[in-house]
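Read the structure below first, then the notes.
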Amino acid sequence: LACFVSRACSSFSRNPVRLCVTHTIFTKLHFTCLVVCSFSSISFLTTIYLSTNAPTQMALEKLSNRHVRVAVVGNVDAGKSTLIGTIASGTLDDGRGSGRSFVIKHPHELQSGRTSCITSHTVEYDGDGAVVNIKTKPKRRTKKGPKAPQAPDVIGGPGCCVTFMDMAGHEKYLKTTISGISGGMADYAIVLVNSMQPPTHMTFHHLNLCIYNGIPVIVVLTKIDHCPPHVFKATLQAMQCMLRSPDIGFRPYRIKKESDIDVAIPALSSVVPILTVSTVSGEGLELLHKFLRALPQRRKHGKKIHKPFEYLVEDTFHGNIISGFVNRGRVHVGDTISVGSTRATVRSIHVARNDVKEAWAGHSACLALSFPDKKRAKKNVPVRRGMIAVKDGPVLTHRRFTAEVYLLRGRTVTIVKGCYEATVHILHMKLAARVIDIVKHDDGDATDEIHQGGRATVTFEFSHHANPVRQGMRIILRDGHARGFGVITSVAD
40 LACFVSRACS SFSRNPVRLC VTHTIFTKLH FTCLVVCSFS SISFLTTIYL
90 STNAPTQMAL EKLSNRHVRV AVVGNVDAGK STLIGTIASG TLDDGRGSGR
140 SFVIKHPHEL QSGRTSCITS HTVEYDGDGA VVNIKTKPKR RTKKGPKAPQ
190 APDVIGGPGC CVTFMDMAGH EKYLKTTISG ISGGMADYAI VLVNSMQPPT
240 HMTFHHLNLC IYNGIPVIVV LTKIDHCPPH VFKATLQAMQ CMLRSPDIGF
290 RPYRIKKESD IDVAIPALSS VVPILTVSTV SGEGLELLHK FLRALPQRRK
340 HGKKIHKPFE YLVEDTFHGN IISGFVNRGR VHVGDTISVG STRATVRSIH
390 VARNDVKEAW AGHSACLALS FPDKKRAKKN VPVRRGMIAV KDGPVLTHRR
440 FTAEVYLLRG RTVTIVKGCY EATVHILHMK LAARVIDIVK HDDGDATDEI
490 HQGGRATVTF EFSHHANPVR QGMRIILRDG HARGFGVITS VAD
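Residues in the sequence shown are numbered consecutively from 40, following our numbering.
Below, the structure written as C-alpha cells:
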C-alpha cells in the first residue's frame with residue numbers, strides 16, 4: 040500500500056548516511072522510493088514516500104473494470120460541490136458550505152459559491168463498502184518550500200471506484216457544463232434539485248443534456264433537513280411532472296429503502312430514481328452510498344483494449360504535458376505517438392496520481408511527452424485541447440459530416456441552410472460548423488430550414504479546418520443554449 044515515513048529534526052537530517060541506507064533497503068525490497076526534503080528556519084523535514092508495483096497494477100485494474108463515472112449537474116444553489124465534498128471527506132457540512140472546501144479548485148469559487156470549471160473527484164470503496172481514500176482539504180502552496188507530492192487517489196484492492204465530475208450550475212457557465220457532458224464519458228448523471236424550491240429551467244436543460252446523450256439519470260433532492268413538508272411535497276410533485284413530460288418521458292421511482300435499489304437499477308433505461316439527502320444532518324447519505332456502490336459499469340471499456348490506440352486530449356500544461364482519456368487501446372512509457380501532425384515520445388504516465396508504466400482504455404491519464412525539436416515545440420506549442428493522439432500513422436480528419444438531428448422544443452431556433460452556424464460539441468471537441476444541406480425525415484425531400492421539434496438529416500461543414508470525426512459519434516448543437524442533438528451517420532472529406 041502507498042504509505043510514507045517522516046521524521047523532523049531527527050537522525051536522518053543529522054546523518055545523511057542513514058538516509059541512503061534506508062533508501063537502499065526499500066529499493067531492494069522492490070519499493071519505489073521518493074525522498075522529499077524541505078527546509079525551514081527551525082527544522083529540516085525528511086519524508087520518504089513508498090509505493091510498490093503490485094498496488095499500482097491493482098489500481099489500474101480497478102479503475103478499468105470496477106470504475107463508474109458520474110456527472111453531477113443541477114442548478115446553481117442545489118449543493119453539488121457540497122455533496123461531493125461530504126461524500127469524499129466523510130465530514131458533514133456545517134450549513135454554510137464547508138463541505139465544498141474539500142473539492143473547490145479556485146478561491147473565487149469558494150467566495151462566490153459558484154463552480155466555474157469541471158473537476159473530478161474519485162471515491163474508492165473497499166469490500167465492506169467503506170470509503171478508503173478520505174479526502175482532506177487541499178493545502179495552498181507557499182514560498183517556504185517545494186510542494187509535497189500527494190498520495191494516490193486509488194490504491195486498488197476489492198470494492199469499486201466512483202468518480203464524481205462536478206459541473207458548473209450557473210447559466211453563465213452552461214457551455215462548460217455542455218463540454219463536460221459531451222466529453223466526460225459519464226456512465227450516469229446525478230441531477231441535484233434544491234428541495235426548498237421547484238425545479239428551474241436549468242434543471243430541465245440539464246435533464247435534456249443527459250437524456251439526449253444516452254446517460255441514465257438519478258435525481259437527488261437536497262437540503263431536506265430544514266425544508267417544510269408542504270414545500271418538499273410541492274417540489275417532489277413538480278419534479279415528477281417534469282420527468283413524465285413528453286420531452287423527457289421517464290417514470291419517476293422513489294428510493295426509500297435498500298430493497299428499492301435492486302428494483303430501480305435494472306430499469307434505469309426507463310426509470311429515474313429519486314433519492315433525498317441532507318449534507319448537514321446526514322439523512323439519506325448512507326442510502327446514497329449503497330446506491331452508488333450498486334451501480335454497474337455501463338461503458339465496457341475492456342472491449343476496446345485490443346483496438347488501435349486513441350487518446351482524447353482534454354487539457355495541456357507547459358506545452359508537453361497532456362491530460363485526457365484513453366478511449367481505445369494501450370499506451371506504454373517509451374511509445375511514439377502522433378498528436379495531430381506532430382510525433383512525440385511518451386516519457387511518463389500518471390493515472391489517479393499513480394506513476395505507472397502503461398495505461399489502457401477507460402483510464403483518465405496524464406502523459407508527459409518529449410518532442411524531437413524541443414525549441415520549436417516549446418515556441419509553437421504543437422498540442423492543443425481537442426486533439427486526438429494515435430500510434431499508427433496520422434490522425435484521419437474530415438471536413439464534412441452528416442448527422443441525424445433533433446431540435447429541442449421550446450427553443451425559438453430555426454436552422455436555415457447556408458445561413459446557420461453553431462458550435463458543435465463532439466466528444467471533447469468544440470467546433471464551429473455551418474449547415475450546407477437539410478433533408479426532412481417526414482417526406483425525404485430537401486428543404487431550406489427546420490424548426491423546433493423537427494427531425495432531419497443535416498450535412499455540416501467545419502468552418503476552419505478538418506477534424507477527427509467518425510460515424511456513430513454524438514453531437515450537441517449549441518447556440519447560446521443547447522439547441523439540438525444528433526448522431527453522425529457519415530463523413531466526407
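We put the beta carbon where it would ideally sit given N, CA and C, even for glycine.
Quiz item: What residue does the beta strand (DSSP E) around residue 113 start on, and which one ends it?
Solution: 106-113
Self-check item: Exposure label - residue 356; buried when at least 16 CB within 10 Å
Solution: exposed
Quiz item: Tell me which same chain residues have a C-beta within less than 7 Å of the C-beta of residue 129, skipping the five on either side of it?
Solution: Counting only Cβ-Cβ distances below 7 Å, and skipping sequence neighbours, we find 170, 173.
Quiz prompt | Option nearest residue 359 by Cα separation, candidates 406, 159, 388 | solution = 406
Exercise. Could you please give the first and the last residue of the uninterrupted alpha helix (DSSP H) stretch that includes residue 235?
Key: Careful: residue 235 lies outside any alpha helix (DSSP H) and carries neither H nor E.
Quiz item: If you count every other CB in all the chains shown that lies within 10 Å of the CB of residue 435, and 16 or more means buried, which is it?
Solution: exposed
Practice problem: Go through its chain and collect everything with a Cβ distance to residue 67's Cβ below 8 Å, but skip five positions before and after it. | Solution: Confidence at residue 67 is low in this model, with a pLDDT of 44, below 50, so its placement is unreliable and the value that follows should be read with caution. Excluding sequence neighbours, residue 67 sits near nothing in its chain.
Quiz item: Mind checking whether residue 533 and residue 515 have CB atoms under 8 Å apart?
Solution: Nothing in the structure corresponds to residue 533, since the chain is present only between 40 and 532.
Quiz item: Can you list, in chain order, the residues of its chain whose CB lies under 8 Å from that of residue 5, leaving out five sequence neighbours each side?
Solution: Any answer about residue 5 is impossible in this case: the structure gives the chain only from 40 up to 532.
Quiz item: What are the boundary residues of the beta strand (DSSP E) that residue 525 is part of?
Solution: 520-531
Quiz item: Could you give the distance in angstroms between the alpha-carbon of residue 247 and the alpha-carbon of residue 253?
Solution: Approximately 10 Å, taken between the alpha carbons.
Quiz item: Among 285, 523, 457, which one has its Cα closest to the Cα of residue 502?
Solution: 457
Self-check item: Start-to-end residues for the alpha helix (DSSP H) that takes in residue 283
Solution: 268-283
Quiz item: Within this structure, are the beta carbons of residue 376 and residue 430 separated by less than 8 Å?
Solution: yes
Quiz item: Short check: CB of residue 440 to CB of residue 352, under 8 Å?
Solution: no
Exercise. Below 8 Å CB to CB, which residues in the same chain sit around residue 182 once its five sequence neighbours on both sides are set aside?
Key: Caution is warranted here: a pLDDT of 48 is assigned to residue 182, below 50, making its placement in the model unreliable, and no coordinate value can be reported.
Quiz item: Residue range of the alpha helix (DSSP H) that residue 121 falls in?
Solution: 119-128
Quiz item: Are residue 499 and residue 463 closer than 8 Å when you measure CB to CB?
Solution: yes
Quiz item: Which residues bound the alpha helix (DSSP H) around residue 303?
Solution: It spans 297-303 - the alpha helix (DSSP H) in which residue 303 sits, taken as one unbroken run.
Quiz item: In its own chain, which residues sit with a C-beta less than 8 Å from the C-beta of residue 37, not counting the 5 before and 5 after it?
Solution: Residue 37 is absent from the structure shown; the chain starts at 40 and stops at 532.
Quiz item: So residue 354 and residue 438 are in contact, right, with Cβ under 8 Å, and what is the actual spacing, rounded?
Solution: Going by Cβ atoms, the distance from residue 354 to residue 438 rounds to 26 Å, so no, they are not a contact pair.
Exercise. In the DSSP assignment, find the unbroken alpha helix (DSSP H) run with residue 218 in it and report its ends.
Key: Residues 213-222.
Exercise. May I ask you to report which of helix, strand or coil DSSP gives residue 254?
Key: coil
Quiz item: Span of the beta strand (DSSP E) holding residue 291?
Solution: That run of the beta strand (DSSP E) goes 290-293.
Exercise. Would you kindly work out how many angstroms separate the C-alpha atoms of residue 345 and residue 369, rounded to a whole number?
Key: 8 Å
Quiz prompt | Supposed close pair residue 311, residue 289 - CB separation, criterion 8 Å | solution = 5 Å
Exercise. Have a look at residue 524 and residue 286 and give me their C-alpha separation to the nearest angstrom.
Key: 13 Å
Quiz prompt | Distance between residue 145 and residue 269 (C-alpha atoms, nearest Å) | solution = 37 Å
Exercise. Kindly indicate which three-state DSSP category residue 139 falls into: helix, strand or coil?
Key: Three-state result, residue 139: helix.
Quiz item: Which two residues bound the contiguous beta strand (DSSP E) that contains residue 210?
Solution: Element bounds for residue 210: n/a, residue is neither H nor E.
Quiz item: Does the distance from the CB of residue 466 to the CB of residue 512 come in under 8 Å?
Solution: yes
Exercise. Pick helix, strand or coil for residue 335, following the three-state DSSP scheme.
Key: Coil, per DSSP.
Quiz item: For residue 315, which residues from the same chain have a beta carbon less than 6 Å from its beta carbon, with the 5 sequence-adjacent residues on both sides left out?
Solution: Correct list, in chain order: 260, 263, 323.
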